[in-house]
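**Q** Structure incoming, see below.
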Amino acid sequence: MPELLRPPPPITWSDRVRTALEAARERPARVGLAAAGAVVIVVAAALLLRTPSSGSAPALPRADALPSAATTTTTATVVVDVAGAVARPGLVRLPGGSRVADAIDAVGGLLPTADRDRLNLAAPLVDGQRVYVPARGQDVPPDLSSGGSSPSANADAIVDLNTATVDDLDRLPGVGPATAQAILDYRRQHGRFRTIDELLEVRGIGEAKLNQLRPHVRV
């Protein structure tokens with residue numbers, strides 16, 4: 299039989315034992331290299347995480363270091379002049395967010411002659427405002443200034459939206475010539491105002507301006 303076709307000799311038990319011993323001697327070395335590599339990777343990752351970069355975001359303050367809403371919000375006050383048919387007319391100081399009803403309560407309430415239907419008790423107050431309570435049958439509040447008519451007195455007059463002129467409307471707080479003319483144009487096109495809230499349909503009047511006008515107008 300030719301040499302190339304001869305089968306390899308069978309593996310003996312002694313060969314198998316020798317191969318197993320050699321593998322056992324090599325395994326600790328491979329395990330040691332793998333462990334060393336893992337240690338190097340962990341150390342490198344820790345150094346990268348601890349090293350700040352130039353583009354890193356600034357540290358955020360702790361929640362307990364931030365100012366709370368309770369410490370940063372202050373309660374504003376308003377000073378208003380209450381006049382007319384009230385028990386004790388004069389200046390009153392009230393918390394911010396108070397209403398006309400609060401101002402009237404602060405001066406002892408309405409007199410029996412007060413025309414309550416011409417008041418908007420829910421209107422918000424602003425600092426420096428003058429709240430005038432008209433008596434029944436009174437068209438405009440009297441001039442309380444000592445030197446004749448003043449802009450503030452005219453601004454506090456109760457104006458009838460259905461009979462007012464441009465000049466009457468122009469004297470109202472927050473109303474200029476353009477808005478006054480817009481009110482007249484709306485009245486001319488749609489007829490008489492039925493409610494004060496109908497002013498919202500007039501160009502240039504929103505909720506804030508409407509609330510400012512409520513104490514000074516009627517229909």
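Going by this note's numbering, the letters in the sequence shown line up with residues 299 to 517, in that order.
For each residue, glycine too, the CB sits at the ideal point set by N, CA and C.
Restricting to Cα atoms, I'd like to know which of Ala-478, Gly-472 and Gly-474 is closest to Ala-462.
**A** Ala-478
**Q** What is the residue span of the alpha helix (DSSP H) that Pro-471 lies within?
**A** Element bounds for Pro-471: n/a, residue is neither H nor E.
**Q** Between Leu-497 and Ala-420, what straight-line distance do the alpha-carbon atoms span, to the nearest angstrom?
**A** Rounded to the nearest angstrom, the gap between the Cα atoms of Leu-497 and Ala-420 is 17 Å.
**Q** Roughly how many whole angstroms lie between the Cα atoms of Arg-410 and Ala-480?
**A** One detail in the question is off: residue 410 reads as Pro in this sequence, not Arg. Using only the alpha carbons, I get a separation of about 37 Å.
**Q** Which partner residues of Val-378 appear in the DSSP bridge assignment?
**A** Val-390
**Q** Short of 7 Å in beta carbon distance, which residues of its chain neighbour Arg-416, apart from the five on each side in sequence? Order them along the chain.
**A** Pro-432, Ile-456 and Arg-516
**Q** In whole angstroms, give me the CA-to-CA distance for Pro-513 and Lys-507.
**A** 11 Å
**Q** At which residues does the beta strand (DSSP E) containing Val-431 begin and terminate?
**A** Per DSSP, Val-431 is one residue of the beta strand (DSSP E) stretching across 428 to 431.
**Q** Buried or exposed for Gly-406, please, with buried defined as at least 16 other CB atoms from any protein chain shown within 10 angstroms of its CB.
**A** exposed
**Q** Any heavy atom of the ligand FAD closer than 7 Å to the CB of Leu-423?
**A** Annotation note on the ligand FAD: not contained in the displayed structure, which lists no ligands.
**Q** Can Leu-423 and Arg-397 be called in contact, C-beta distance under 8 Å?
**A** yes
**Q** Classify Gln-487: buried if its beta carbon has 16 or more other beta carbons within 10 angstroms, exposed otherwise.
**A** exposed
**Q** Does DSSP put Pro-440 in a helix, a strand or coil?
**A** Unreliable positioning characterises Pro-440 in this predicted model, as indicated by a pLDDT of 44, which lies under 50. A coordinate reading is not provided.
**Q** Between the alpha carbons of Asp-413 and Arg-501, how many angstroms are there, rounded?
**A** 30 Å
**Q** Report yes if the C-beta distance between Arg-428 and Ala-381 is below 8 Å; otherwise report no.
**A** Yes, these two residues count as a Cβ contact at 8 Å.
**Q** If you follow the alpha helix (DSSP H) that Val-500 is part of, which residue opens it and which one closes it?
**A** It is not in any alpha helix (DSSP H) - Val-500 carries neither H nor E in the DSSP assignment.
**Q** The alpha helix (DSSP H) that contains Val-398, what's its start and end?
**A** 398 to 404
**Q** Round the Cβ separation of Val-377 and Leu-389 to the nearest angstrom and send it over; I've been treating them as touching at under 8 Å.
**A** 6 Å
**Q** Here's the rule I'm using: 16 or more other beta-carbon atoms within 10 Å means buried, otherwise exposed. How should Val-473 be labelled?
**A** buried
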